[in-house]
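Using the numbering used here, you'd call the opening residue of the sequence shown number 796 and step up by one each time. Using N, Cα and C, we set each Cβ at its ideal position, and we do this for glycine too. Here the structure is laid out as structure tokens; the discussion comes afterwards.
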Amino acid sequence: MRLSRILAARRFYAELDYARHFPQAYVDRLKRTVPRKVYDAGVGAPPVIMWRRPPDDYVPGTERPWAQSEITKAIEREKEYFNSLLDWAIFPGDKVMVMVGKDKGKRGEVSHVIRDANAVFVDQLNTKLEDHGTERMGLEKMVHWKPQPLFVDKDEVKLIDPHDDEPCESKWVVDEENQKYVRVSERTGYEIIVPSQASVTYEYSPDPSNYIEVKGKDTIADDVLKKTYEPKLCTFEEDIMNEYGIKDDREPKPTYWY
796 MRLSRILAAR
806 RFYAELDYAR
816 HFPQAYVDRL
826 KRTVPRKVYD
836 AGVGAPPVIM
846 WRRPPDDYVP
856 GTERPWAQSE
866 ITKAIEREKE
876 YFNSLLDWAI
886 FPGDKVMVMV
896 GKDKGKRGEV
906 SHVIRDANAV
916 FVDQLNTKLE
926 DHGTERMGLE
936 KMVHWKPQPL
946 FVDKDEVKLI
956 DPHDDEPCES
966 KWVVDEENQK
976 YVRVSERTGY
986 EIIVPSQASV
996 TYEYSPDPSN
1006 YIEVKGKDTI
1016 ADDVLKKTYE
1026 PKLCTFEEDI
1036 MNEYGIKDDR
1046 EPKPTYWY
């Protein structure tokens, strides 16, 4: 068999750009679409990329990327993009101190967190007065205090060191038994125990001793563990017939194998 190669005209114009005479890395850096940091996720796993702003989110403008106006816009858009922290250290139930705003210096308990936005909400602190908009329904105006987020990556909230009851930075280290990671204060080295509230889910209780069995609805654990299956040399249909005393007088036709 003879193979032939067809030579097609090269579309050189597809490679021409306003930045043809500029290095592509330089243009990407001005667009703010280059990785801020790349983490190795281990053998076989794709790397974890912390973007300044993902290339898919790039918004083209009417100026060239190296124009000062476009650089300013790119930097402003970069501030709107969140990179979730990898070494997350604040969980629901933690004792923290607010570092900004009207409640600066006050201590409280974390009610919930949103890791995708690096946000922490502290119970009854950093709140804003808002109304429900009930006037449109003919009801009296109702107002309530709505909690506002505190961003961990901007140091707006810090953990409380249990040793001296002061705010601190934390890190994850391996325990003495080399079995698991524990959270410790960088200043004093004291362990900051992760609260049990961080393990609570909406599906089940993390502690089996807290299970409450509902009589008549939940199957008892002893019944679940009973071995009731007995292997038999019969089909499912034959097993049902034997169970209910059904007799079949029909003779099956012979089966031939070729």
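Annotation for residue 821: no beta strand (DSSP E) segment contains it, though the alpha helix (DSSP H) segment containing it runs 819-826. A residue is called buried when at least 16 other Cβ atoms come within 10 angstroms of its Cβ; residue 956 meets this threshold and is buried. For residue 969, the enclosing beta strand (DSSP E) begins and ends at 965-969.
In chain order, 956, 958, 959 and 963 place their CB closer than 8 Å to the CB of residue 983, counting only its own chain and leaving out the 5 sequence neighbours on each side. DSSP assignment within the region 851-898 yields the following whole beta strand (DSSP E) runs of 3 residues or more, N-terminal first: 890-893.
Following the DSSP letters along the chain, one finds residue 1019 in no beta strand (DSSP E) but inside the alpha helix (DSSP H) bounded by residues 1016-1019.
Note: residue 940 is bridge-paired with 924 in the DSSP secondary-structure output. Partner residues in a beta bridge of residue 1040, as assigned by DSSP, do not exist. Its Cα nearest to that of residue 828, the residue 850 stands out among 850, 909 and 1046. Bounds of the beta strand (DSSP E) holding residue 904 are 902-909. Sixteen is the threshold: since fewer than 16 other Cβ atoms of the shown chains lie within 10 Å of the Cβ of residue 988, the residue is exposed.
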